[in-house]
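Chains as they are written, first to last, in the numbering used here: chain L, 1 to 724; chain H, 725 to 825.
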């Protein structure tokens, strides 16, 4: 099976091709029948507006509906089977011992021999990039949950999108996304990673703007695309840096070279790491570039679950973990990663506390959890970061899909102030949502308890030579964020599912449990968010299986001893107890304020500190600041400034040059007129006499030419025969 | 009287001359095409005559090639003639001078 890993990304690509062509085909015939295909779209009011309407007839109207479903789900399902087949073919134990399998499809970019740079740093002089896939323990971990969660979300989508006009378009985009994500995960070099990276960005754009008739969705798509470009710019500069430094982009070669001979590379690695991290910030929505992710909720909810929670946004963490050799050699970059991660975690969590849109709360929660993962990477706990990526994929996908089920039940309503008391009406959704909420809040013995605890322990034991007090601050931030997380998640839970219903009568009558295609993925994900933590149990010997599994990725660096923290068990237990206590306080406050106190306390707090409330609920005015500074300030104001500079300073140069040129040109023209022109005209007159002769021959009649040719041939043959 | 190679060559020469003259003097597209066919067949005759005389099959094989090419040439030429006629309602080559410099 292992030699088939190239087929894992190509299956969804084939699915994309089939679905896309069928959609175009059906769309065209429809367009001919009804005049205009696009206008017959029932523009949904919101993400799922169409759910509010009648069920039933819509089914027959979508052409190739069952083909789209079968191809869309089938291709990803097959890819998932192949992925697990390949992983178990190599074997988990072999992965932990450093096994990997590379499939090179073809030499993609032969760059030729570069003697200038390649040999200076001891790299290969022959530069090339292969189209190659590699399955090692890190990509195996990503592959496993990306294909599996992807498959579940495809199944869920078949139910959720059932009444949508663009059913085929949706599935073809989703398949294309799976292709790009799998290329990203399986790529054996930086450029393959980058191809997947851009591909998922494109699909993210397409799917955020899925309801392109709605201006907010189209705008959100554009915003995501533009903000991601900023990050990608840094990322590709980092890739160029790697190529210039090592002469190759292959992961194994590059990291082995850096680990074997760190001193040759260290001065440049800090810059490269920072550039790569800029890319990670864009894709994984970290502080300066996080603004696109909350807006990305304009896309359909399964898309939010798959792309903007479980898989694509964790690509940045994956990339940093992949490049852990570089980052460990660049302590300054590590500090930046840790601080940005911790700040984002706290910052987004505070915004999440006051959001009223069920998806926005989850979006900010995602940004916050991603900050957590980067914090882990920043303190050198890469496997702990990847552990949280994995558990997060399960519980956050479960939360988002649960939210989708709630929205489906409410007929498109997303405002949690208009919900309440849904627990009894949609019990399956409620139970799974409750489990996922308990998980993310850090309740003991559920998945995120282990993964977050591993991160917090790593932060607590971290050492920064430059700033010795930093780990303590980071730990405090992480702990406080954990409390905030528990608080806002239980606020969400109590406003949505507990208390009394606050919506309209029609909504109340409409509330219904979702079909099995939606609830079964929820149950599977809820189950996984309970058990997936047991791959990383602390304290117990060989409990941290995921750490051992990912160990081969963490190459030992020459001259840099590994500092494993061996804290006493009592300290570990104390850290756990602190985390549990903080989570409990968060849960209790949310319960007593929102479930019991019906929101009186928070309302009073908001009255007491109106400035703070206004700032937080407006997301600290970051979007407005970006608009003021970058959009209006730089693009428009900067344009004017540049115009002024152009008119005054820059124009001096052409004006001065113009005066000099005028003087010189007078002299030149004198010379030109009498000396050069005399020559030119003389030659021209002579030629004119000559060409008068030849132009008669050019009649433009082919028969004349044929005659001349025949005559010439005759003469030549005659001369040959006569004088031979 | 036995037929020697000279007879063949004379017939071939005459055919070629008729064809060449036709290309030079006729103004009708169709006639010119037919003249070209004559020239090609004159060449074929020449090739086959020598092939017989020298007992070398190459000339005959070559003439089969020439016939094939002639068929293609005739097809393209006729297609051009038809489309030209549709455009101009005439087959006079003197009228085909829109590209003339």
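Glycine residues also receive a C-beta, built at the ideal position from the N, C-alpha and C atoms. Since the structure is predicted, the reported quantities are computational estimates derived from the model, not experimental observations.
- In the DSSP assignment, no residue is bridged to residue 292 of chain L.
- Residues of the segment 221-232 of chain L with a C-beta less than 8 angstroms from any C-beta of chain H: none at all.
- Contact between residue 425 of chain L and residue 511 of chain L holds, since their C-beta atoms are separated by about 5 angstroms, short of 8 angstroms.
- Looking only at L/213, L/175, L/228, L/693, the smallest Cα-Cα distance to residue 201 of chain L is reached by L/228.
- Here residue 361 of chain L carries a helix assignment [DSSP, helix/strand/coil].
- The C-alpha of residue 476 of chain L is placed about 35 angstroms away from the C-alpha of residue 421 of chain L.
- Residue 514 of chain L is positioned such that its CB atom lies no closer than 8 angstroms to that of residue 403 of chain L.
- Between the alpha carbons of residue 796 of chain H and residue 761 of chain H lies a distance of about 11 angstroms.
- Here residue 663 of chain L is exposed, its C-beta having fewer than 16 other C-beta atoms within 10 Å.
- Secondary structure of residue 750 of chain H (DSSP, three-state): coil.
- DSSP, reduced to helix, strand and coil, places residue 700 of chain L outside both helices and strands of the structure shown, so it counts as coil.
- DSSP places residue 108 of chain L inside the beta strand (DSSP E), whose first and last residues are 101-113.
- Using a CB distance cut-off of 8 angstroms, residue 821 of chain H counts as an interface residue toward chain L.
- For residue 679 of chain L, there are no neighbours in chain H by C-beta distance under 9 angstroms, as the nearest C-beta there is about 29 angstroms away.
- Here the C-alpha atom of residue 151 of chain L lies approximately 51 angstroms from the C-alpha atom of residue 640 of chain L.
- At least one C-beta of chain H is nearer than 8 angstroms to the C-beta of residue 706 of chain L.
- In this structure, DSSP gives residue 134 of chain L an extended state, which the three-state scheme calls strand.
- Taken in chain order, the complete alpha helix (DSSP H) segments of 4 residues or longer contained in the segment 509-548 of chain L are 516-531.
- In this structure, the CA atom of residue 544 of chain L is about 22 angstroms from the CA atom of residue 479 of chain L.
- Excluding five sequence positions before and after residue 100 of chain L, the CB atoms of its chain that fall closer than 7 angstroms to its own CB belong to 134, 135, 136, given in chain order.
- Leaving aside the five residues that flank residue 790 of chain H on each side, the residues in its chain whose CB is nearer than 8 angstroms to its CB run, in chain order, 764, 767, 768, 771.
- Beta-bridge annotation (DSSP): residue 129 of chain L is paired with L/109.
- No Cβ of chain H is located within less than 8 angstroms of the beta carbon of residue 688 of chain L.
- Your pair residue 335 of chain L and residue 458 of chain L does not check out as a contact, with CB atoms roughly 15 angstroms apart and the cut at 8 angstroms.
- Contact check for residue 247 of chain L against residue 108 of chain L fails: the beta carbons are separated by 8 angstroms or more.
- The C-alpha of residue 362 of chain L is placed about 15 angstroms away from the C-alpha of residue 435 of chain L.
- Here residue 468 of chain L is exposed: its Cβ has fewer than 16 other Cβ atoms, across all protein chains shown, within 10 Å.
- In this structure, DSSP gives residue 618 of chain L a state outside helix and strand, which the three-state scheme calls coil.
- Think of a sphere of 8 angstroms around the beta carbon of residue 692 of chain L: no beta carbon from chain H falls inside it, the nearest being about 16 angstroms out.
- At a cut-off of 8 angstroms between beta carbons, residue 786 of chain H makes no contact with chain L.
- For the set L/68, L/454, L/310, L/265, the Cα lying nearest the Cα of residue 384 of chain L is the one of L/454.
- Taking 8 angstroms as the cut-off, the Cβ atoms of residue 68 of chain L and residue 166 of chain L do not count as close.
- Three or more beta-carbon pairs drawn from the segment 314-326 of chain L and the segment 369-381 of chain L are found closer than 8 angstroms, and the two stretches are therefore classed as touching.
- Judged by DSSP secondary structure, residue 818 of chain H falls outside any alpha helix (DSSP H); it is assigned neither H nor E.
- With a threshold of 16 other beta carbon atoms within 10 Å, residue 355 of chain L meets it and is buried.
- DSSP places residue 471 of chain L inside the alpha helix (DSSP H), whose first and last residues are 470-497.
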